[in-house]
Structures are given as structure tokens and as C-alpha cells.
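Asker: Structure below; questions to follow.
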Amino acid sequence: MRVKDCNSTMKMNTIGTKKVVFSKAVDNYLIGIDKAYRFTTRFFIEAFKKPFHFREVINQCFEVGLRSLALITVTGFIIGVVFTKQSRPSLEDFGATSWLPSLMGIALVKALGPLVTALICAGKVGSSIGAELGSMKVTEQIDAMEVSAINPYKYLVVTRVMATTITIPLLALYCSFIALYGSYTNVHAEESTGITLFYQSAFKSLSFLDLFTSLTKTIVFGFTIGIIGCYKGFNATQGTRGVGKAANQAVVLAMFLVFLEEIVIVQIANWIRYF
Amino acid sequence: METPKLEHLTNSNESVISITGLFKSFGELHVLKGIDLTVFKGENVAVLGKSGSGKSVLIKIIAGLLKPDQGEVIVLGKHIDKLQGRELDELRLRIGFSFQSSALYDSMSVYQNLAFPLTMNFKHLGSKEIKNAVMEALDAVGLPDKTDQMPSDLSGGQRKRIGVARTLILKPEIMLYDEPTSGLDPVTSSEINELINNVQKRYKTSSVIITHDLTCAKSTGNRTAMLLDGRFLKIGKFEEVFNTQDEQVKRFFSYNFIQ
Chain Y
1 MRVKDCNSTM KMNTIGTKKV VFSKAVDNYL IGIDKAYRFT TRFFIEAFKK PFHFREVINQ
61 CFEVGLRSLA LITVTGFIIG VVFTKQSRPS LEDFGATSWL PSLMGIALVK ALGPLVTALI
121 CAGKVGSSIG AELGSMKVTE QIDAMEVSAI NPYKYLVVTR VMATTITIPL LALYCSFIAL
181 YGSYTNVHAE ESTGITLFYQ SAFKSLSFLD LFTSLTKTIV FGFTIGIIGC YKGFNATQGT
241 RGVGKAANQA VVLAMFLVFL EEIVIVQIAN WIRYF
Chain D
1001 METPKLEHLT NSNESVISIT GLFKSFGELH VLKGIDLTVF KGENVAVLGK SGSGKSVLIK
1061 IIAGLLKPDQ GEVIVLGKHI DKLQGRELDE LRLRIGFSFQ SSALYDSMSV YQNLAFPLTM
1121 NFKHLGSKEI KNAVMEALDA VGLPDKTDQM PSDLSGGQRK RIGVARTLIL KPEIMLYDEP
1181 TSGLDPVTSS EINELINNVQ KRYKTSSVII THDLTCAKST GNRTAMLLDG RFLKIGKFEE
1241 VFNTQDEQVK RFFSYNFIQ
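Line by line, the protein sequences are chains Y and D. For the record, in the first sequence the residue sitting at position 143 is 143 according to my numbering, with numbers rising by one throughout. For the record, in the second sequence the residue sitting at position 135 is 1135 according to my numbering, with numbers rising by one throughout.
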């Protein structure tokens, strides 16, 4: 009897401990969401308050743009070539190769250009922001700004988020053009189509709503990448290990949210199209 | 705890920092358990204590980087824990904080590190005025020739000095030093101690020096406070604290001397 009682008490204790651990994890999760929400909404308050650090925003725009330009050029061009090469056989079966520019226009400008740019920037820019701010946090540089009466959120976060929100749409536009150029080189090699005719055909298939959706998407992606990188960096702990963790989490979370936003925005655009 | 009169040290009984009944916890961890401290104008107070005893938390609360759970923290006549926005910034411009890790902005040169607080807070200053202020601060810490170097090119002692120069550029009334000599060799440590005393004389600052280095506490502090288990066990002249009969204090001092 005593052994049974002892066992049941131990079981109850284990269940009790698990409950406490679970409830702590839920608490931490909810606190984390609240913290992220406050961090994000603070951006909209601070962004419109003086002083404005325009020069730093421009510096960061250059940083974001230059950091990703080469990779986006190469990736964009390759995507254009490969996607055209892979689509050609299917269209040839239907004798519809003349539709290649239109198909590429839709695929590259509406979907692939913005998405590929966002993923590259999430990897390159998001991780870099996360690591930079994380390192500033663990080496007390952010505290040093605060005690010098400089608002670190305004100087570090607002400027970086503004830069990604401005630069990533421009990079996505550039990526779409380069991808279309890649596609053009393949089409030109096979069918001797002129560049003007190719771009005209590609853009003819796109409506204003398509272009507007693409632009909106890239603005949202840019904001997401910037704010996630800054949030993870700003909340880095545990020394150098925390810096690596912040950079890694910034990339993973930004990529996940980019995909999620892609689905939501495309769905909203489709609803608008059908109504 | 009774605070001694300090006429012989600072010729002033005007308090610049007044802390009463300060408590601070992080979750289950109770770091500060009822701190009372008064720092008078022109006085250096060295706070001694073991690692993890809450010394750094104390000066972060004084600088307004952390909020106390309970208690009153009055800095230059203002409740720093209750201030926000512009008012807090105005008070912070009167406080200098030298970090344990120096906290120099590693993407900026020494000149830019020093000019940064000025350009951000005093937009009307011209480049010539900023340059003069930077050179004056670098001169005060004895490194006038390091303007173009990056923080990564400096030695530990030089980084500490530049960190102090960056705070001096705003001409603070209070200096807070977090472990100014930690990780430095004895010669560089004594140079830093000398620098702290020179800053006190030249800029007429009042300082709180957080340290576990007895030589630093003895040579820089007009008074020494011994922090153990979240409370001050003794505040007074270094010799008074040194001669305390408390077992924990004795162990702390004997270990330091063995070192």
C-alpha cells in the first residue's frame, strides 16, 4: 500500500511539475508576442517623431542595397534563364512558345522576383542586422547610447527598418528586370525575338493590380525583414552565443513570415480581382 | 546607515545621489535588498563587492538603465526612475557612464566615438567646436594622438581611457565607473586610478566607482562601501571598512591580498 501511495504521489508531482513547466512556457510565449507587438508598434510612433536621422537612413539604404546587389543580379538572371528553359518544352507541346514572354512576365514580376529578393535579403540583410545589433547589445554599446541621451531605438531600429522598407522593393523591381533579361537571352537565342517586343509582351500580361500587389508585397517583406532583424538583435542575450542565435532566428523567422505574408497578400489580391 | 560628514574631503554636504530603501530582483533572484547610499558633491565613492553582488545593477539603476522594484533614487535632485523622454535625456547628459567593456562603438573611429554624443545632442555645434571638444577630452585622458584609430586597434587600457573620454566630452557632473580596472595589468590599473582622480579634480565630478579591486577602491574612493548579499555591510573610509570584523568582509579582503 505504502509503495503504491508513494508511486501515485510521485506521479502527481511529475504531472504537477510538467503543468508548471508548460504554463511557464505559455507565459513566456505570450510575453514574447506582447514584447514583439510593442517593439513593432513603437516603430510607427518613433518614425514620425523628431529628430529624424535622414543621413543614417541613406547610409543604411546603401548598406542594404550594396550588400545584396551582386547576389540578386546573379540569382535573378539565373532564375530567368532556368525558368524559361524549363517552361519551353511544355509550351512547345501546345505550340504556344509565343506565350513565353507573357508567362515569364507573370511568373517573374508577380511571384518570383519579390519572393527571391525577400529570401535573399532575409538571409543577407536580416542576419547582418540581427548580428550587428546583437553584438552591440551584448557589448553594452546600446546602453552606452542610452546613457549619452541618444535614443537607440530611433537611431538603430527606425533607420534600419526604413532602409529595408525602401530598398527591398527597389531590389525586387531590379531582380524582376534582370530575371526578365535572363529569360529574354534564352528566348532570343531560340527565336531571335527583339528586346523591346519581349518586354512589351511580358508587361502586357500584367494588370495594375498585379503591379500594385507586387509592390505592396515587397514593402511588407522589407518591413518584416528589418523589424525582425532589429527585434532579435535588440533582445540578444548570453554573450557571443546569443549574437549567433539572434542572427539565426532573424533569418528563420523573417523567411517564415515572408512566406506567410505571400500567401495572405496573394489571397487578398485574388479576392479584390474577383469582386 | 549613518553617513559621515565629508567636509575634509569635498568641502560639501550637498548630495548629488541619494538612494533610500532600494530593492531590485530579476525573477526569483533578489539582487539588491534594501540599499541606502548618499553621494556628496565632489566625492568619489568606491563600491566594493563580490562578482554578482549587484554592484553593476546599482549603477545601472543610478543611470536610469534599470528601474528599481522599490525605493527612492534621487540623482541631481530628480527621481531618475520616474523620468521619461526629454527630461530623462536632460538628466543623462549630466551623468557619465564608463562601462566595464568600454562599450566603444566598434564601427566608428575614436574621433567619431567621441564626436557622436555631441553631434546627436547639440546639433548647433560646428565641426571646429566638436573637434576642439574631442581634442580636449582626449587630452584629459592622455591619448591625443589616437583620433583615427578604430577601437579594435586599441589596448584594453586605451579602450577604457577612450570610454572615459567619451563621457567627459559631455562635461558630466556625476561619473559612474563600472569595474574600471578589471582585466588590466597592475601598471595600467594604476594609470586608470590616476585618471579617475584627475577627472575628479579637473572636472569637479562626483563619482561612484564599482570595483572588486582593493587598490582601486583605496586610491580613488573618498569613501568605500562594502556590498554583500544585496546590502551595504559598511560605508566609511577605506581603513574603517578594511578593519570590519565581519567574517565575509574579512574573507573578501584576505583573498584580495593573497592575490
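C-beta atoms are modelled at their ideal positions from N, C-alpha and C, and glycine is treated no differently.
Hey, how far is the Cα of Tyr-155/Y from the Cα of His-53/Y?
Answerer: Taking the first sequence and counting its residues from 1, one reaches residue 155/Y at position 155. Taking the first sequence and counting its residues from 1, one reaches residue 53/Y at position 53. Whole-angstrom Cα-Cα distance: 7 Å.
Asker: Can you name the start and end residues of the alpha helix (DSSP H) that Gly-105/Y belongs to?
Answerer: Along the first sequence, read from residue 1 onward, the residue named residue 105/Y stands at position 105. Note, Gly-105/Y: premise wrong, no alpha helix (DSSP H); not H, not E.
Asker: With 9 Å as the limit, tell me which residues of the segment 140 to 174 of chain Y have their beta carbon closer than that to any beta carbon of chain D; keep them in chain order.
Answerer: If the cut-off is 9 Å between Cβ atoms, the segment 140 to 174 of chain Y has Glu-140, Gln-141, Ile-142, Asp-143, Ala-144, Met-145, Glu-146, Val-147, Ser-148, Ala-149, Ile-150, Asn-151, Tyr-155 near chain D.
Asker: Return no unless some Cβ of chain Y is closer than 8 Å to the Cβ of Asp-1089/D.
Answerer: Here residue 1089/D refers to the residue found at position 89 when the second sequence is read from its first residue. Chain Y, which has a Cβ nearer than 8 Å to the Cβ of Asp-1089/D, makes this yes.
Asker: Applying the 10 Å Cβ sphere with the 16-neighbour rule, what's the burial state of Val-1110/D?
Answerer: Here residue 1110/D refers to the residue found at position 110 of the second sequence. Flag for Val-1110/D reads buried.
Asker: Count the other C-beta atoms from every protein chain shown that fall within 10 angstroms of the C-beta of Asp-1153/D, then say buried if there are 16 or more, exposed otherwise.
Answerer: Looking up residue 1153/D in the second sequence gives position 153. Burial call: exposed.
Asker: Which of the three DSSP states is assigned to Phe-221/Y in this structure?
Answerer: Translated into the one-based positions of the first sequence, residue 221/Y becomes position 221. Of the three classes helix, strand and coil, the one that applies to Phe-221/Y here is helix, per DSSP.
Asker: Excluding the five sequence neighbours on either side, which residues of its own chain have a C-beta within less than 8 Å of the C-beta of Thr-17/Y, listed in chain order?
Answerer: Stepping through the first sequence from its first residue, residue 17/Y is reached at position 17. Here the set comprises nothing.
Asker: Quick one: what does DSSP say Glu-1191/D is sitting in, helix, strand or coil?
Answerer: The residue labelled residue 1191/D in the question sits at position 191 within the second sequence. In this structure, Glu-1191/D counts as helix in the three-state DSSP scheme.
Asker: Between Pro-1068/D and Phe-1097/D, is the Cβ-Cβ spacing less than 8 Å?
Answerer: Counting from one through the second sequence, the residue named residue 1068/D turns up at place 68. Counting from one through the second sequence, the residue named residue 1097/D turns up at place 97. In this structure, Phe-1097/D does not lie closer than 8 Å to Pro-1068/D by Cβ.
Asker: Shorter than 8 Å from the beta carbon of Arg-1159/D to some beta carbon of chain Y?
Answerer: Mapped onto the second sequence, residue 1159/D falls at position 159. No, Arg-1159/D lies away from the interface with chain Y (no Cβ there is under 8 Å from its Cβ).
Asker: With respect to the alpha helix (DSSP H) encompassing His-188/Y, which residues constitute its N-terminal and C-terminal limits?
Answerer: In the first sequence, counting from the first residue as 1, residue 188/Y sits at position 188. Where His-188/Y is concerned, the enclosing alpha helix (DSSP H) stretches over 159 to 191.
Asker: Listed in chain order, which residues of the segment 1093 to 1104 of chain D have Cβ atoms closer than 9 Å to some Cβ of chain Y?
Answerer: Here the close residues are Leu-1093, Ile-1095, Gly-1096, Phe-1097, Phe-1099, Gln-1100, Ser-1101, Ser-1102, Ala-1103, Leu-1104.
Asker: Can you check the segment 1145 to 1185 of chain D for any beta strand (DSSP E) of at least 3 residues that lies completely inside it and give the ranges in chain order?
Answerer: Taking only runs of at least 3 residues, the beta strand (DSSP E) segments lying wholly in the segment 1145 to 1185 of chain D are 1174 to 1178.
Asker: Taking the alpha-carbon of Pro-114/Y as reference, which of Tyr-184/Y, Ser-201/Y, Leu-173/Y has the nearest alpha-carbon?
Answerer: In the first sequence, counting from the first residue as 1, residue 114/Y sits at position 114. Comparing Cα positions, the closest option is Leu-173/Y.
Asker: So, does the segment 188 to 204 of chain Y touch the segment 92 to 104 of chain Y, judging by three or more C-beta pairs under 8 Å?
Answerer: Short answer: they touch.
Asker: Got a sec, what are the start and stop residues for the beta strand (DSSP E) Gly-149/Y sits in?
Answerer: As a first step, residue 149/Y must be located in the first sequence, where it is residue number 149. Correcting the residue identity first, residue 149/Y is Ala in this sequence and not Gly. Per DSSP, Ala-149/Y belongs to no beta strand (DSSP E) and is neither H nor E.
Asker: What's the C-alpha gap between Lys-49/Y and Val-158/Y?
Answerer: Stepping through the first sequence from its first residue, residue 49/Y is reached at position 49. Stepping through the first sequence from its first residue, residue 158/Y is reached at position 158. Going by the C-alpha atoms only, they are around 11 Å apart.
Asker: Pro-1180/D versus chain Y: which residues are under 8 Å apart at the beta carbon?
Answerer: Taking the first residue of the second sequence as position 1, residue 1180/D is located at position 180. The premise fails here: Pro-1180/D is roughly 14 Å from chain Y at the closest Cβ pair, so nothing lies under 8 Å.
Asker: Tell me which residue opens and which closes the alpha helix (DSSP H) that Thr-1224/D is part of.
Answerer: For the purposes of this step, residue 1224/D is taken as residue 224 along the second sequence, with counting starting at 1. No alpha helix (DSSP H) contains Thr-1224/D, which is instead part of the beta strand (DSSP E) from 1223 to 1228.
Asker: List the residues of chain Y that Met-1291/D touches, going by C-beta distances under 8 Å, in chain order.
Answerer: Outside the shown range of chain D (1001 to 1259) lies residue 1291/D, about which nothing can therefore be said.
Asker: Quick one: list the residues of chain Y neighbouring Asn-1121/D, beta-carbon separation under 9 Å, in chain order.
Answerer: As a position in the second sequence, residue 1121/D is number 121, starting the count at 1. Per Cβ cutoff of 9 Å: Ser-148, Ala-149, Ile-150.
Asker: Pick out whichever of Arg-1231/D, Gln-1158/D, Pro-1172/D has its Cα sitting closest to the Cα of Lys-1201/D.
Answerer: Walking along the second sequence from the start, residue 1201/D turns up at place 201. Lys-1201/D has its Cα closest to that of Pro-1172/D, out of Arg-1231/D, Gln-1158/D, Pro-1172/D.
Asker: Would DSSP call Gln-1070/D helix, strand or coil?
Answerer: Here residue 1070/D is taken as the residue at index 70 of the second sequence, counted from 1. Looking at Gln-1070/D - three-state DSSP - the assignment turns out to be strand.
Asker: Taking the alpha-carbon of Ala-149/Y as reference, which of Gly-1027/D, Gln-1248/D, Leu-1065/D has the nearest alpha-carbon?
Answerer: For the purposes of this step, residue 149/Y is identified with residue 149 of the first sequence, where counting begins at 1. It is Leu-1065/D.
Asker: Closer than 9 Å by beta-carbon distance: list the chain Y residues that pair up with Ala-1063/D, in chain order.
Answerer: Working through the second sequence from its first residue, we reach residue 1063/D at position 63. Residues of chain Y passing the Cβ test: Asp-143, Glu-146, Val-147.
Asker: Rounded to a whole number of angstroms, what is the C-alpha to C-alpha distance between Val-20/Y and Asp-27/Y?
Answerer: Here residue 20/Y refers to the residue found at position 20 when the first sequence is read from its first residue. Here residue 27/Y refers to the residue found at position 27 when the first sequence is read from its first residue. Answer to the nearest angstrom: the Cα atoms are 10 Å apart.
Asker: Got a sec? Which residues, its chain only, sit under 7 Å from Asp-143/Y by beta carbon, not counting five neighbours each side?
Answerer: Here residue 143/Y is taken as the residue at index 143 of the first sequence, counted from 1. Here the set comprises nothing.
Asker: Excluding five sequence neighbours on each side, which residues of the same chain lie with their C-beta closer than 8 Å to the C-beta of Gln-249/Y?
Answerer: On the first sequence, residue 249/Y is found 249 positions in, with the first residue counted as 1. If we look at Gln-249/Y and ignore the five residues flanking it on each side, its Cβ neighbours are Gly-130, Lys-232.
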